[in-house]
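For reference, the structure discussed in these notes is given below.
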Amino acid sequence: MADAPRPITGRCLCGAVTYSVDGKPVWQGACYCSNCQRQTATAFSVIVGVLSEVLTVEGSTLASYKTVSEGYESTTERRFCSACGSPIFSTIKAMPGVAFLKAGTIDDKSWIEPTVEIWTDSAPSWAPHFDNAARFARVPPAN
Ligand SMILES: [Zn+2]
Ligand SMILES: [Zn+2]
């Protein structure tokens with residue numbers, strides 16, 4: 012896996028929301044849950060997990076919307092830019108301390124390599140998959 016740049020930087024479509032991560036990614040994967048499908052308007056969301064304590068987000072248009080995954084006792088708070096609609100990152104109540112960046116908002120995406128697929132039970136039949144990623148019907152078992 013290629014090394015991520017440091018810092019990892021990114022922004023929304025209009026540029027009103029920007030972020031910077033002074034640290035390494037801790038997780039890279041694709042989520043096929045039905046909420047990600049609606050939010051991204053496609054079959055899945057590619058996400059990069061980073062520690063919340065090293066993520067700095069700026070921009071007054073940052074808004075959020077909470078979702079609950081079916082049969083999963085946790086809420087996901089989805090941050091997005093209210094000016095242009097870009098999803099930026101999510102935090103999951105069951106996984107405190109980690110922020111999941113929407114990979115498409117990262118400036119340099121060349122190093123990203125999803126190694127895990129989650130909620131594949133919800134994936135539409137036409138969804139592409141990542142050959143080298145471990146697949147989970149829902150979420151991996153908790154440690
Ligand atoms: Zn924006
Ligand atoms: Zn999802």
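Residues in the sequence shown are numbered from 12 upward in steps of one, following the numbering used here.
Backbone N, C-alpha and C fix where the C-beta goes; we use that ideal spot for every residue, glycine too.
Remember, predicted model here, so these are calculated numbers, not experimental data.
* Beta carbon nearer than 5 Å to a non-hydrogen atom of ligand 2 -> Going along the chain, the residues that qualify are Cys42, Cys44 and Cys47.
* To do: Count the CB pairs spanning the segment 67-85 and the segment 115-129 that are closer than 8 Å, and state whether there are at least three.
  => Contact between the segment 67-85 and the segment 115-129 is absent, because fewer than three Cβ pairs lie under 8 Å.
* Sufficient close CB pairs (3 or more, under 8 Å) joining the segment 79-90 to the segment 32-41 -> The segment 79-90 makes no contact with the segment 32-41; the number of CB pairs closer than 8 Å stays below 3.
* Asked: If you drop the 5 nearest sequence neighbours on each side, which residues of the same chain put their C-beta closer than 7 Å to that of Ala114?
  -> So the qualifying residues of the chain are Val57, Ile58, Val59, Lys120 and Ile123.
* Nearest CA to the CA of Pro135: which residue from Cys44, Leu62 and Val32? -> It is Cys44.
* Ser31, enclosing beta strand (DSSP E) - first and last residue -> First-last of the beta strand (DSSP E) with Ser31: Thr29 to Val32.
* With a CB to CB cut of under 6 Å and the five nearest residues on each side skipped, what residues in its chain are close to Arg22? -> Once the five neighbours on either side are set aside, the close Cβ partners of Arg22 are Thr29.
* Nearest to Ser16 by CA position, among Ala27, Gly26, Gly34 and Cys25, is which residue? -> The sequence as given places Pro at residue 16; Ser does not occur at that position. Closest in alpha carbon position to Pro16, among Ala27, Gly26, Gly34 and Cys25, is Gly34.
* Rounded to whole angstroms, what's the CA-CA distance from Cys92 to Phe100? Just pull it up for me. => Spanning the two alpha carbons is a distance of roughly 10 Å.
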